[in-house]
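All residue numbers for the sequence shown refer to the numbering used here, where the first residue is 13 and numbers rise by one.
Heads up, the thing below is written out as structure tokens.
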Amino acid sequence: MELYQQLGFSNNPFSTFSAEEEKSFLNDIYINPLFYETLKSDLLSGHSRFILGARGIGKTALILQLRNALDKDGAFTIIIDEFDGVSLKNNQVELTRLIIERVITNFCIKIAKDPKGLKKLDKYQKEKLSFIIKEFFQTLSKSQYEKLYNKTDNIRTRNTLKNIWNNFFNKPINFLISGGIEIVAETARKSMGLPSIDGKEFYKNYVPELTIEQIEREKKPEKFLSNIKPLKEILNDLTEIIHAAGFKTSIVFFDKIDEYTKLNGGISAVSDFLSAFLKDTTILMNKSYSLVFSLWDVLKPELTNNGVRFDKIKPIDITWQTDNLREILNKRIRFFSGGKKVINDIILSDNKLNEIITLSNNSPRYLFRQLSYIYDQQAEINKVSKVLTDEAIDKGQLVFSKSFEYYAIYPTKRGAKEDILTNINRLLKIGKTTIMTKDFVDAYKVSTPTAISYIKIVQEYNLVRELTETDGGAKMYDVLDPVLRHLIKYGITEIKK
Numbered sequence: 013m014e015l016y017q018q019l020g021f022s023n024n025p026f027s028t029f030s031a032e033e034e035k036s037f038l039n040d041i042y043i044n045p046l047f048y049e050t051l052k053s054d055l056l057s058g059h060s061r062f063i064l065g066a067r068g069i070g071k072t073a074l075i076l077q078l079r080n081a082l083d084k085d086g087a088f089t090i091i092i093d094e095f096d097g098v099s100l101k102n103n104q105v106e107l108t109r110l111i112i113e114r115v116i117t118n119f120c121i122k123i124a125k126d127p128k129g130l131k132k133l134d135k136y137q138k139e140k141l142s143f144i145i146k147e148f149f150q151t152l153s154k155s156q157y158e159k160l161y162n163k164t165d166n167i168r169t170r171n172t173l174k175n176i177w178n179n180f181f182n183k184p185i186n187f188l189i190s191g192g193i194e195i196v197a198e199t200a201r202k203s204m205g206l207p208s209i210d211g212k213e214f215y216k217n218y219v220p221e222l223t224i225e226q227i228e229r230e231k232k233p234e235k236f237l238s239n240i241k242p243l244k245e246i247l248n249d250l251t252e253i254i255h256a257a258g259f260k261t262s263i264v265f266f267d268k269i270d271e272y273t274k275l276n277g278g279i280s281a282v283s284d285f286l287s288a289f290l291k292d293t294t295i296l297m298n299k300s301y302s303l304v305f306s307l308w309d310v311l312k313p314e315l316t317n318n319g320v321r322f323d324k325i326k327p328i329d330i331t332w333q334t335d336n337l338r339e340i341l342n343k344r345i346r347f348f349s350g351g352k353k354v355i356n357d358i359i360l361s362d363n364k365l366n367e368i369i370t371l372s373n374n375s376p377r378y379l380f381r382q383l384s385y386i387y388d389q390q391a392e393i394n395k396v397s398k399v400l401t402d403e404a405i406d407k408g409q410l411v412f413s414k415s416f417e418y419y420a421i422y423p424t425k426r427g428a429k430e431d432i433l434t435n436i437n438r439l440l441k442i443g444k445t446t447i448m449t450k451d452f453v454d455a456y457k458v459s460t461p462t463a464i465s466y467i468k469i470v471q472e473y474n475l476v477r478e479l480t481e482t483d484g485g486a487k488m489y490d491v492l493d494p495v496l497r498h499l500i501k502y503g504i505t506e507i508k509k
């Protein structure tokens with residue numbers, strides 16, 4: 013019998029610790045933050061928002077829950093979390109175009125299951141929709157379509173998907189799909205019964221300075237839509253068409269921007285990537301749609317310095333207190349035990365439970381990651397135990413702390429990932445949770461100015477904070493990071509790079 017069965021669970025409750033891995037049961041374990049209902053109402057009313065929080069705090073889980081709830085409320089929602097091909101700077105046009113492409117492509121997929129919404133559009137709206145599909149629909153393979161469709165509706169049965177295609181698309185399309193041929197804009201337009209148009213009227217509508225002769229001479233007239241002004245108008249028109257088709261509003265979530273590999277997790281790089289777009293308040297304050305940006309909280313100061321108006325677009329900060337984390341933990345335990353257990357049934361000591369929560373640094377992800385190490389240690393010590401013992405907790409916490417991925421939590425400010433570990437190791441070598449300048453001088457045989465520069469760096473990383481009290485006039489600093497404090501407590505003097 014597995015340890016999780018001995019503990020009274022149907023499966024190991026600590027084997028996953030990210031929203032992406034838990035989509036299938038997220039509704040059963042999720043706890044709404046205090047601002048949840050207000051945020052949902054704001055988005056339905058056409059207000060754009062920033063969601064700020066540390067890594068692992070639950071931004072993606074919040075977005076997934078919001079999307080499910082807003083879909084049920086009749087909104088049209090999409091999540092954009094891939095940015096391949098977008099320039100790293102001055103990319104306002106590219107990001108706006110990306111939104112239009114993702115919205116129109118997903119709208120075509122969404123409307124396929126309920127085409128009666130198209131009947132609500134007037135002749136001009138249908139022509140405009142046909143034009144936008146022609147210019148912005150993203151070519152899809154059969155597998156890409158199935159993936160998008162399943163994401164949209166949480167339906168994973170292939171038969172249901174085939175029925176949708178058979179009922180909605182014509183026979184040649186079915187034949188082509190069975191052969192794995194791509195789905196292009198013309199396929200979508202025809203299948204939706206939209207009129208065929210040459211587009212000249214709409215090119216001139218969005219770029220008034222063009223003449224019909226210029227449009228007719230141009231072999232690639234799509235280049236006329238490469239400026240931000242017509243793209244903003246097209247986005248506005250598209251979302252108004254979606255509203256006319258029966259959706260309350262359109263909501264676009266941006267997630268995992270700081271995970272875009274080309275940005276290397278650097279604060280300045282991520283800020284440069286977003287600044288041009290986010291500074292345009294005419295996009296963010298358009299009431300025809302809502303844009304939601306899930307952002308690493310450390311980005312806010314630099315984005316502010318770059319001119320992003322957080323005073324105009326309300327930022328929402330995700331934070332969890334000890335009681336919240338206990339509630340999150342208990343809901344998870346109840347789910348995996350069929351409602352028969354709570355956390356105090358498997359961790360008997362309240363002091364130990366408080367230690368675990370403190371070490372998680374108010375992050376649900378790191379709370380569960382820590383418990384996964386404790387679980388593994390318990391399985392090695394005694395796999396028929398009915399509880400997680402103090403010995404397993406101590407050993408698991410130490411393994412968790414020694415293997416902690418600091419580079420994923422602390423921003424890269426000076427280039428190499430090793431920089432954060434270099435500074436952590438400086439503090440570990442000193443071996444105190446309260447430090448002074450002379451500790452660096454003594455440990456590293458450096459001058460006082462050099463020691464002060466070391467302290468400044470760890471302050472910038474928010475690893476330490478200056479205390480109000482002094483020692484004979486000398487400044488004192490307290491180590492803040494709970495994992496670092498734990499390592500110091502156990503005499504660990506270095507983390508391997």
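Backbone N, C-alpha and C fix where the C-beta goes; we use that ideal spot for every residue, glycine too.
Please read these numbers as outputs of a predicted model, since none were measured by experiment.
L64 beta carbon less than 8 Å from that of L307 | Yes, the pair counts as a contact, with Cβ atoms nearer than the cut-off.
Select from P313, D85, L107 and I91 the residue whose C-alpha is nearest the C-alpha of E6.
-> With the chain covering 13 to 509 only, the question about residue 6 has no answer from this structure.
Member of N435, I263, I246 and L439 whose CA lies at the smallest distance from the CA of E147 | When only C-alpha atoms are compared, the closest one is I246.
For the alpha helix (DSSP H) that I112 lies in, which residues bound it at each end?
-> Counting along the chain, the unbroken alpha helix (DSSP H) around I112 starts and ends at Q104 to A124.
Span of the alpha helix (DSSP H), counted from its first residue to its last, around I393 = Counting along the chain, the alpha helix (DSSP H) containing I393 begins and ends at P376 to I393.
Identify every residue that forms a DSSP beta bridge with V264.
-> Under DSSP, V264 forms a beta bridge with I90 and L303.
Secondary structure at I69, three-state DSSP: helix, strand or coil?
-> DSSP places I69 in the coil class of the three-state scheme, outside both helix and strand.
Could you name each continuous beta strand (DSSP E) segment of 3 residues or more that falls completely within the stretch 314-370, going from the start of the chain to the end?
-> Secondary structure in the stretch 314-370: the beta strand (DSSP E) runs of 3 residues or longer, each lying completely within the stretch, are 327-329 in chain order.
Quick one: what's got a C-beta closer than 7 Å to Y466's C-beta in the same chain, skipping five residues either side?
-> Cβ neighbours of Y466 beyond the five flanking positions: R438 and F452.
Name the DSSP bridge partner or partners of G503?
-> BP columns for G503 are empty, so no partner.
If we ignore side chains and look at the alpha-carbon of each, how far apart do S397 and S349 end up?
-> Going from the Cα of S397 to the Cα of S349 covers about 16 Å.
Return the residue from the list E14, F37, S22 and Y42 that minimises the CA-CA distance to K343.
-> Ranked by Cα distance from K343, the first of E14, F37, S22 and Y42 is Y42.
With DSSP as the reference, label A257 as helix, strand or coil.
-> In this structure, A257 counts as coil in the three-state DSSP scheme.
8 Å Cβ shell around L133 - same chain, five flanking residues per side excluded = The beta carbon of L133 sits closer than 8 Å to the beta carbons of L141, I253, A256 and A257 from its chain, once the five residues preceding and following it are set aside; these are given in chain order.
Span separating the alpha-carbon of F37 from that of N162 = Cα to Cα, the separation comes out at about 16 Å.
Determine the DSSP secondary structure at D40, reduced to helix, strand or coil.
-> Look at D40 here: in three-state DSSP terms it is helix.
Helix, strand or coil: which one does DSSP assign to G192?
-> In this predicted model, G192 has a pLDDT of only 44, less than 50, meaning its place in the structure is not dependable enough to derive any value.
8 Å CB neighbourhood of S238 in its chain, flanking five on each side removed | V105, listed in sequence order.
Reduced DSSP category for L82 - H, G, I as helix; E, B as strand; rest coil | It is helical.
Is the CB-CB distance between K122 and F88 below 8 Å?
-> At a Cβ-Cβ threshold of 8 Å, K122 and F88 count as neighbours.
Please name the residue or residues paired with F62 in a DSSP beta bridge.
-> Paired residue(s): F305 and P327.
Do F236 and N103 come within 8 Å of each other at the CB atom, strictly closer than that value?
-> In this structure, N103 keeps its C-beta atom at 8 Å or more from the C-beta atom of F236.
How far does the beta strand (DSSP E) with T482 in it reach, from first residue to last?
-> Element bounds for T482: V476 to D483.
DSSP bridge partner residues for Y489 (one or two, in chain order) | According to DSSP, Y489 bridges with I447 and E478.
Range covered by the alpha helix (DSSP H) that runs through E213 = For E213, the enclosing alpha helix (DSSP H) covers residues K212 to Y218.
Report yes if the CB atom of E194 is closer than 8 Å to the CB atom of S153, and no otherwise.
-> Taking C-beta atoms as the reference points, E194 and S153 count as a pair closer than 8 Å.
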